[in-house]
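Chemist: Chains as they are written, first to last, in the numbering used here: chain U, 2 to 396; chain F, 75 to 449; chain P, 14 to 416.
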Amino acid sequence: MDVEFTKEDMAFREEVRAFIEENYPKHLLGKERGNLSKEDFLAWHKILYKKGWVAPSWPEEFGGTGWSVTQKYIFNEESAAYGTIAPLPFGIQMLAPVIYTFGSQEQKENVLPGIASGDVWWCQGYSEPGAGSDLAALKTKAVLDGDEYVVNGHKIWTTLAQHADWIFCLVRTTTGEKRQEGISFLLIDMNTAGIDVRPIIMIDGGHEVNEVFFDDVRVPASHLVGDVDKGWTIAKFLLGNERSGIAGVARSKKAIERLREIARGELDDGAPLIESGDFSRKIAELEIDLTALEYTELRTLAAESKGQGPGPESSLLKVKGTEIQQRITELTMEAVGNYASPWVPETMIGDNYMAIGPEAAYGATQTYFNTRKTSIYGGSNEIQRNIIAKMVLGL
Amino acid sequence: MDFSFTEEQTLLRNMVQGFVRDNYDFDTRTKIVNSDTGMSKEIWQQFAELGLLAAPFPEDMGGLDGGAIDIMVIMEEMGRGLVVEPYLPTIVLCGGILSRHGSPQQQSAHLPSMVSGEAIWALAYSEPQGRFNPTDITTSAKEQGGSYVLNGQKCVVMGAPWADKLIVSARVSGGQRDKDGVALFIVDKSASGVSTQDYPTVDGGRASEITLENVEVASDALIGTANTGLSLLEEALDYGIGALCAEAVGHMKMLNDATVEYCKTRKQFGVPIGSFQVLQHRMVDMFMDYEQSVSMTYMVNMKLDESADVRRKAASAAKVQIGKAGRFIGQESVQLHGGMGMTEELSVGHYFKRLTMIDTLFGNIDYHLKRFAQN
Amino acid sequence: MDLAFSEQDLAFRDEVRAFIKEAFTEDLQREMGRSKNNYMNKDAHILWQKRLFEKGWAAPNWPTEHGGAGFTPTQKFIFSRELDTAGAPHTIPFGLVMVAPVIMAFGSDEQKKRFLPDILATNVWWCQGYSEPGSGSDLASLQMKAEDKGDHYLCNGSKIWTSMAQHADWIFCLVRTAKTEKPQQGISFLLIDMNAPGVRVEPIITLDASRNNQQEVNQVFFEDVKVPKENLVGEENKGWTYAKYLLEFERGNPYSSGLMRGLEQIKALAAEIMADGAPLSTDADFIRQATELETRIVVMEATELRIFSEVSAGQNIGPGSSSMLKTRGTELQQDISQLGVEVIGNYGFPFVEDTLASANQADIGMDGAPTIVPGYLNRRKATIYAGSNEIQHSIIAKAVLGL
Numbered sequence: 002m003d004v005e006f007t008k009e010d011m012a013f014r015e016e017v018r019a020f021i022e023e024n025y026p027k028h029l030l031g032k033e034r035g036n037l038s039k040e041d042f043l044a045w046h047k048i049l050y051k052k053g054w055v056a057p058s059w060p061e062e063f064g065g066t067g068w069s070v071t072q073k074y075i076f077n078e079e080s081a082a083y084g085t086i087a088p089l090p091f092g093i094q095m096l097a098p099v100i101y102t103f104g105s106q107e108q109k110e111n112v113l114p115g116i117a118s119g120d121v122w123w124c125q126g127y128s129e130p131g132a133g134s135d136l137a138a139l140k141t142k143a144v145l146d147g148d149e150y151v152v153n154g155h156k157i158w159t160t161l162a163q164h165a166d167w168i169f170c171l172v173r174t175t176t177g178e179k180r181q182e183g184i185s186f187l188l189i190d191m192n193t194a195g196i197d198v199r200p201i202i203m204i205d206g207g208h209e210v211n212e213v214f215f216d217d218v219r220v221p222a223s224h225l226v227g228d229v230d231k232g233w234t235i236a237k238f239l240l241g242n243e244r245s246g247i248a249g250v251a252r253s254k255k256a257i258e259r260l261r262e263i264a265r266g267e268l269d270d271g272a273p274l275i276e277s278g279d280f281s282r283k284i285a286e287l288e289i290d291l292t293a294l295e296y297t298e299l300r301t302l303a304a305e306s307k308g309q310g311p312g313p314e315s316s317l318l319k320v321k322g323t324e325i326q327q328r329i330t331e332l333t334m335e336a337v338g339n340y341a342s343p344w345v346p347e348t349m350i351g352d353n354y355m356a357i358g359p360e361a362a363y364g365a366t367q368t369y370f371n372t373r374k375t376s377i378y379g380g381s382n383e384i385q386r387n388i389i390a391k392m393v394l395g396l
Numbered sequence: 075m076d077f078s079f080t081e082e083q084t085l086l087r088n089m090v091q092g093f094v095r096d097n098y099d100f101d102t103r104t105k106i107v108n109s110d111t112g113m114s115k116e117i118w119q120q121f122a123e124l125g126l127l128a129a130p131f132p133e134d135m136g137g138l139d140g141g142a143i144d145i146m147v148i149m150e151e152m153g154r155g156l157v158v159e160p161y162l163p164t165i166v167l168c169g170g171i172l173s174r175h176g177s178p179q180q181q182s183a184h185l186p187s188m189v190s191g192e193a194i195w196a197l198a199y200s201e202p203q204g205r206f207n208p209t210d211i212t213t214s215a216k217e218q219g220g221s222y223v224l225n226g227q228k229c230v231v232m233g234a235p236w237a238d239k240l241i242v243s244a245r246v247s248g249g250q251r252d253k254d255g256v257a258l259f260i261v262d263k264s265a266s267g268v269s270t271q272d273y274p275t276v277d278g279g280r281a282s283e284i285t286l287e288n289v290e291v292a293s294d295a296l297i298g299t300a301n302t303g304l305s306l307l308e309e310a311l312d313y314g315i316g317a318l319c320a321e322a323v324g325h326m327k328m329l330n331d332a333t334v335e336y337c338k339t340r341k342q343f344g345v346p347i348g349s350f351q352v353l354q355h356r357m358v359d360m361f362m363d364y365e366q367s368v369s370m371t372y373m374v375n376m377k378l379d380e381s382a383d384v385r386r387k388a389a390s391a392a393k394v395q396i397g398k399a400g401r402f403i404g405q406e407s408v409q410l411h412g413g414m415g416m417t418e419e420l421s422v423g424h425y426f427k428r429l430t431m432i433d434t435l436f437g438n439i440d441y442h443l444k445r446f447a448q449n
Numbered sequence: 014m015d016l017a018f019s020e021q022d023l024a025f026r027d028e029v030r031a032f033i034k035e036a037f038t039e040d041l042q043r044e045m046g047r048s049k050n051n052y053m054n055k056d057a058h059i060l061w062q063k064r065l066f067e068k069g070w071a072a073p074n075w076p077t078e079h080g081g082a083g084f085t086p087t088q089k090f091i092f093s094r095e096l097d098t099a100g101a102p103h104t105i106p107f108g109l110v111m112v113a114p115v116i117m118a119f120g121s122d123e124q125k126k127r128f129l130p131d132i133l134a135t136n137v138w139w140c141q142g143y144s145e146p147g148s149g150s151d152l153a154s155l156q157m158k159a160e161d162k163g164d165h166y167l168c169n170g171s172k173i174w175t176s177m178a179q180h181a182d183w184i185f186c187l188v189r190t191a192k193t194e195k196p197q198q199g200i201s202f203l204l205i206d207m208n209a210p211g212v213r214v215e216p217i218i219t220l221d222a223s224r225n226n227q228q229e230v231n232q233v234f235f236e237d238v239k240v241p242k243e244n245l246v247g248e249e250n251k252g253w254t255y256a257k258y259l260l261e262f263e264r265g266n267p268y269s270s271g272l273m274r275g276l277e278q279i280k281a282l283a284a285e286i287m288a289d290g291a292p293l294s295t296d297a298d299f300i301r302q303a304t305e306l307e308t309r310i311v312v313m314e315a316t317e318l319r320i321f322s323e324v325s326a327g328q329n330i331g332p333g334s335s336s337m338l339k340t341r342g343t344e345l346q347q348d349i350s351q352l353g354v355e356v357i358g359n360y361g362f363p364f365v366e367d368t369l370a371s372a373n374q375a376d377i378g379m380d381g382a383p384t385i386v387p388g389y390l391n392r393r394k395a396t397i398y399a400g401s402n403e404i405q406h407s408i409i410a411k412a413v414l415g416l
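(1) Let me see if you follow: with CB-CB separation under 7 Å, is A57 of chain P close to chain U or not?
(2) Under the rule that 16 or more other beta-carbon atoms within 10 Å means buried, what is H31 of chain F, buried or exposed?
(3) Taking all protein chains shown into account, decide if N97 of chain F is buried (16 or more other Cβ within 10 angstroms of its Cβ) or exposed.
(4) Got a sec: which bits of the stretch 311 to 341 of chain P sit with their beta carbon under 9 Å from any beta carbon on chain F, in order along the chain?
(5) Within the continuous beta strand (DSSP E) that includes Y98 of chain F, where are the two ends?
(6) Our contact map puts C124 of chain U next to L161 of chain U with C-beta atoms below 8 Å; I'd like the distance itself, whole angstroms only.
(7) May I have the straight-line CA-CA distance separating L156 of chain F from E419 of chain F, to the nearest angstrom?
(8) Should F436 of chain F be labelled buried (16 or more other beta-carbon atoms within 10 Å of its own) or exposed?
(9) Using only the alpha-carbon positions, how far apart do N449 of chain F and T323 of chain U sit?
(10) Considering only their Cβ atoms, is the gap separating A320 of chain F from M146 of chain F smaller than 7 Å?
(11) By Cβ distance, which residues of its chain are closer than 7 Å to V354 of chain P, with the 5 residues on each side in sequence left out?
(12) Starting from the C-beta of L240 of chain F, find all residues in its chain whose C-beta is less than 6 Å away, skip the five residues before and the five after it, and write them out in chain order.
(13) Check the DSSP bridge columns for M203 of chain U and list the partner residues they point to.
(14) So with CB distances below 8 Å, who are the chain F contacts of F18 of chain P?
(15) Put K192 of chain P into one of helix, strand or coil per three-state DSSP.
(16) Compute the Euclidean distance between the alpha carbons of E160 of chain P and D122 of chain P, then round it to the nearest angstrom.
(17) Could you spell out the range, first to last residue, of the beta strand (DSSP E) harbouring R393 of chain P?
(18) Determine, using beta carbons only, whether T366 of chain U comes closer than 7 Å to chain F.
(19) Assign E110 of chain U to one of three DSSP states: helix, strand, or coil.
(20) Apply the 10 Å Cβ neighbour rule to L23 of chain P and answer buried if 16 or more other Cβ atoms are within range, or exposed otherwise.
(21) With a Cβ-Cβ cutoff of 7 Å, do D166 of chain U and V112 of chain U count as a contact?
(22) Using a threshold of 7 Å, state whether the C-beta atoms of C229 of chain F and E283 of chain F are closer than that.
(23) What are the start and end residues of the beta strand (DSSP E) that includes A196 of chain F?
(24) Helix, strand or coil for R280 of chain F? Go by DSSP, reduced to three states.
(25) To the nearest whole angstrom, what separates the beta carbons of V220 of chain U and T193 of chain U, a pair I think is in contact under 8 Å?
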């Protein structure tokens, strides 16, 4: 048992750090996620692709890096510490493993290169208005008509669908007694006739998610992944992948650093806020909780490098990770004091814009509101606790 | 000991509740918030016609002789409707200072136009370096041949974009955080040397950064004496806390009701999600937090007229409770509504945002815990 | 709306204070001061309750016709708060607060004559036989059997968590007299003499008890115990109704004065303990924690005043209110006792006899320290007993939120 990195690992860390520092687009540094254009999202992705580092988790034969578990961890840590905009998860982390695990040879050849290069933007069509935590209740229907499926239905909470070229969907192909058994996994071109994307504006004012409507959308039957009616197996496989890395330890570390920075600038009774006993106590508590999470993640990681797949402990990482993210954003908002209040729409930020309050305050409140989603999405934290109760505690 | 409302107070509640329900539904509010001005002059006029703007003032000043409990009732009902019009800054804060401490001349010069709805006021007391401490003042007021010259910067002044008049705290003497030497001045927002940067706020309101550059005011703009401004300001902020707690209680009530209702109707796994015990108990915690907030809101409003020590302690304790309960109820309402709670479309998120900012307004939990301990 | 008590109420408060000053004598104060759980030894309790009886205040909740104090709701509230503020004990509730109202409401005239005067004068000690090993939160599942044998019931079974049963002369029990589809329907309310053959009391040693400590709770075994039929209260198989009626009397005591007293004691300890060369009571973190608790007590007090003002105005204390007071009050008891453990630091380790063994030597460390950790351990029961806080949540969910 030891927590030291090897010499090789240290050298690898240096290499990663140098590459990021040298190549990361500087104009993207510190940009709020809510203000990113499609090009912004893809800029770093494309640089990583050229370097061959865009998909560390993939098997090498499909373009993976062949890194050890520790190297992947280091890469994530360095990326987070620099504050990079990570490649979006929908293609690289979610769909690709499904394709190389369940897809046909043709699908592998057609789908994976576009994901890696960033030329094809994917989004995820899972949740429906009546199927949230209870995903198996989904109703979007795909009926076979010749060699095409005709899709009708309605997906919701579709992140960044406004930019997407393709969507992977869970659709109902059979209405049977066991709801899980009639679900299939279908790839749909967003440019097909009959698809309508409508924005949902969130409480932080941002347009991040959408509703996607399908009205007699015709999809070639060859776009079905795996066996018909076996989509639930794929969905479960995918959800397992989605949760790994969701603890977000490195990014939370970075966020705490920023919080300290803000608390150094804010004055409380004439002294920096960070010197206030109350405030530093809260930061300390956060850091200790984050350390506990980090070591839990490292333990999981160690098990993983021995070949044990991510189990229900990923639910623990998700719950604790998102709770910490929420506490950090809450404390950051608290740190900026009265300047949590201004709500500056983008339209006001023109050439004549004079910053209101300290620059650090900008976006703090929006980020707090936005981060409330993390305990809801990806299987709400209540669902995660149920998973632990069932899978770990045997309740 | 009596926690019941008088018949008049019950009538007042019914009236405001009815008005808000009939004239201030969520769509109307959204339109008002998104309009250029960000408030409705018509609504404000209707408040005047209903007597709400006169409610707390003594009869001889053209008021209806109400007290803190009446304001509490009004604010709670406005809270249910998420009303953005500046009742708190104009009537409770500035009106309160003028009616309690203004000279007869100041009262007769300013209260009539306040009561009639013509003039809107804002209280410019917070400063960028001061965080939540109203004593931390760098804005200076120098006496100069029978008038005062003000210089300084005020931050996040609630309702200031709509205001015609400001009450400004400034230092006539002493060091930056001295308790003595603070004065309150009536300042015309259009006075020469006053410049503002207006912006919307997170909770649907409007606020301004205000810069005062050699702003000259006559000596009759001084409220009270040049040395006692801080006690007037602190008192006004405690009255503000009493009203703000009531507003928050209105928000909490709406959120709790909406959440219970949603959990009864939203079905997952073939049953209403409200049948899950884990969610039931969460909602019970929200309910208890709400009930205890109601108790504290009554308590603080009954103690506002007592001695300064008693008043301060009551206000700080109430603000701590409201801050904690508002945070918990707001966050959990969103959580139990799931993705829908995150949307702009539902009112839930808007109540949550207002409750979030209420914790910050007039000092957050940490600030008031300290203040409670120091008194 | 106002917070002031009437002049009569203030006069009453002064009378209560004067009485406590006289009757809560030094020996009793010492007993209570050394107590981790607000129980004194048996003689001390009887002495105290007889003093209350002589004053006519033994039973604030009884009607005057039976010898009750005839307090108004406000007077009851004041009386309870003054006891807490002084750190004086409340009466042991099992006889005066629990079984007596049931006998009054549902008992025969003979039972009233036989039992009530002795309860009022604390001539007999009662205990409560409700919970069973298999029936905790789900009380209606109880199994203790009472078979009809003509002129008597034959009782077999066991009751658990029976507080102070080692002192008791009588026990009131919920027993099963019929097997019915709805478990609530076959339950009866029975009074049993603890000296009857076949009754056996075994102590349960709880985690807060040191070696020589007297137990607080017991398990009571009943083996072919014959109970005369005249000891059945009300009708057979209606016991559940009476038990629910009794619950009405169990709830509604204010917590805030006792909580404030508990916090003051911890602050006093903190003033004696040095940390980094200064009294712990001046440490910013300690102040924050104590202030946080104090504001919560203030919130509790405001809620109590509000609820009791409604009760004074003739409204019933609803299930939501009493469950809320129980939940939040016991949470605070636990949090305050936890702060105590943090405050006394290393002097939390000594595990010595508490008041139940009537120690005469000086406290180790500082005055009051030895009861802090046992008190903390003991307080863990508060969120479990009298309907666990989870059950209280479920009551509110159902009765108030309609879930």
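Note that beta-carbon positions come from the ideal geometry of N, C-alpha and C, so glycine has one too.
Treat the numbers as computed from the prediction; the structure is a model and nothing was measured.
Modeler: In terms of the structure at hand:
(1) In the third sequence, residue 57 of chain P corresponds to position 44, counting from 1. Judged by the 7 Å Cβ criterion, A57 of chain P is not in contact with chain U.
(2) Here chain F covers residues 75 to 449 and nothing more, so residue 31 of chain F does not appear.
(3) Here residue 97 of chain F refers to the residue found at position 23 of the second sequence. The residue is exposed, with fewer than 16 neighbouring Cβ atoms inside 10 Å.
(4) V311, V312, M313, E314, A315, T316, E317, L318, R319, I320, F321, S322, E323, S325, A326, G333, S334, S336, M337, T340, R341
(5) For this step, residue 98 of chain F is matched to residue 24 along the second sequence. No beta strand (DSSP E) contains Y98 of chain F, which DSSP labels as neither H nor E.
(6) Along the first sequence, one-based indexing puts residue 124 of chain U at 123. Along the first sequence, one-based indexing puts residue 161 of chain U at 160. The Cβ separation is near 6 Å, so the contact holds.
(7) Position 82 of the second sequence, counted from the start, is the residue given in the question as residue 156 of chain F. Position 345 of the second sequence, counted from the start, is the residue given in the question as residue 419 of chain F. Cα-Cα distance, rounded: 15 Å.
(8) Your numbering for residue 436 of chain F matches position 362 in the second sequence. Under this definition F436 of chain F is a buried residue.
(9) For this step, residue 449 of chain F is matched to residue 375 along the second sequence. For this step, residue 323 of chain U is matched to residue 322 along the first sequence. Their backbone Cα atoms lie some 38 Å apart in a straight line.
(10) Position 72 of the second sequence, counted from the start, is the residue given in the question as residue 146 of chain F. Position 246 of the second sequence, counted from the start, is the residue given in the question as residue 320 of chain F. For M146 of chain F and A320 of chain F, yes; Cβs fall inside 7 Å.
(11) As a position in the third sequence, residue 354 of chain P is number 341, starting the count at 1. G361, I385, V386, Y389.
(12) For the purposes of this step, residue 240 of chain F is taken as the residue at position 166 of the second sequence. Same-chain partners within the cutoff: A196, A198, V261, K263.
(13) As a first step, residue 203 of chain U is located in the first sequence; it is residue number 202 there, counting from the start. M203 of chain U is bridged to F:T417.
(14) To locate residue 18 of chain P, count along the third sequence from 1; it is residue 5. Per Cβ cutoff of 8 Å: M75.
(15) Taking the third sequence and counting its residues from 1, one reaches residue 192 of chain P at position 179. Three-state DSSP puts K192 of chain P in coil, outside helix and strand.
(16) Position 147 of the third sequence, counted from the start, is the residue given in the question as residue 160 of chain P. Position 109 of the third sequence, counted from the start, is the residue given in the question as residue 122 of chain P. Cα to Cα, E160 of chain P sits roughly 25 Å from D122 of chain P.
(17) Position 380 of the third sequence holds residue 393 of chain P. Taken as a continuous stretch (DSSP letters only), R393 of chain P belongs to no beta strand (DSSP E), as it is neither H nor E.
(18) Here residue 366 of chain U refers to the residue found at position 365 of the first sequence. Answer yes: the Cβ-Cβ gap between T366 of chain U and chain F drops below 7 Å somewhere.
(19) Reading the first sequence from its first residue, position 109 is the one you call residue 110 of chain U. E110 of chain U falls in the helix class under three-state DSSP.
(20) Mapped onto the third sequence, residue 23 of chain P falls at position 10. Classification of L23 of chain P: exposed, given that the 10 Å Cβ count is below 16.
(21) The residue given as residue 166 of chain U occupies position 165 in the first sequence. The residue given as residue 112 of chain U occupies position 111 in the first sequence. No, these two residues do not count as a Cβ contact at 7 Å.
(22) What you label residue 229 of chain F is simply residue 155 of the second sequence in a count that begins at 1. What you label residue 283 of chain F is simply residue 209 of the second sequence in a count that begins at 1. Contact: yes.
(23) Translated into positions along the second sequence, residue 196 of chain F becomes position 122. Residues 195 to 198.
(24) Residue 280 of chain F sits at position 206 when you count from the first residue of the second sequence. R280 of chain F falls in the strand class under three-state DSSP.
(25) The sequence position of residue 220 of chain U within the first sequence is 219, counting from 1. The sequence position of residue 193 of chain U within the first sequence is 192, counting from 1. At roughly 7 Å, the Cβ-Cβ gap stays under 8 Å, so V220 of chain U and T193 of chain U are in contact.
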